[in-house]
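What follows is a short report on a single structure.
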Amino acid sequence: MKKQIGFMLATVLAVFLLASCSKKYEAKKVQLKTQNDSLNYTLGLANGEGIKNYYLQNDSSDAPIKALINALDKAYSSKEVDDQMYQLGYQIGTSLKYQKENGLMGDSTLVFNTKLFKLGLVNGLHGFDGGMTPQQAQEYLQKTMTELQAKKSAQQAPANQPQPAPESQKTDSVQ
């Protein structure tokens with residue numbers, strides 16, 4: 080699970096790599112129509128708060144968010160390793176590419192939606208409280224992914240499970 084959370088964090092930041100530096104990123108309401116939409120958005124929302132609390136805790140203005148996006152853009156287009164933000168941006172960019180190629184959170188049945196992820200991330204970075212909290216988003220992600228994995232495991236279980244012997248074949252060895 081820790082690996083998934085780290086992967087989610089990296090994914091969230093990578094979304095910023097695809098964004099233009101001149102754009103203003105503001106929290107916005109979102110409409111989620113499918114489970115896939117919800118998973119993409121909550122992944123961004125849950126990680127946005129984590130990034131905000133860990134990396135951007137000392138400044139509530141848009142300046143650190145813009146700086147983060149600039150660092151992500153730089154990391155995405157360059158191969159140099161300059162500083163902590165660059166390294167973080169590089170890790171996230173790699174993670175986003177992986178999700179785009181292999182499915183949301185490594186599940187090929189779930190399509191990674193950059194737009195919804197990014198919206199969730201920006202809302203999480205801004206502390207947007209419309210809809211659900213980052214904690215609720217994290218809980219939703221964990222619960223839904225656990226359920227999906229359980230369904231997948233049940234479908235992959237062997238069909239030839241051992242059956243009990245018919246009553247006519249049972250013998251009692253003690254007489």
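When we follow the numbering used here, the leftmost residue of the sequence shown carries the number 80, and every step to the right adds one.
Think of the CB as a built atom: it goes at the ideal place given N, C-alpha and C, for glycine as much as any other residue.
Mapping DSSP to helix, strand and coil, what is residue i?
i	result
residue 191	coil
residue 211	coil
residue 182	coil
residue 125	helix
residue 109	coil
residue 116	helix
residue 232	helix
residue 132	helix
residue 174	helix
Determine the closest residue to residue i out of the options, with distance taken between C-alpha atoms.
i	options	result
residue 113	137, 170, 189, 141	189
residue 119	196, 185, 172	196
residue 192	210, 177, 223, 205	177
residue 220	110, 172, 121, 144	121
residue 117	229, 235, 213, 233	213
If residue i sits next to residue j, beta carbons under 8 Å apart, how far is it from one beta carbon to the other, in whole angstroms?
i	j	result
residue 124	residue 182	Not a contact, Cβ separation roughly 19 Å.
residue 203	residue 131	7 Å
Going by the beta-carbon positions, is the gap between residue i and residue j smaller than 8 Å?
i	j	result
residue 127	residue 201	yes
residue 207	residue 106	yes
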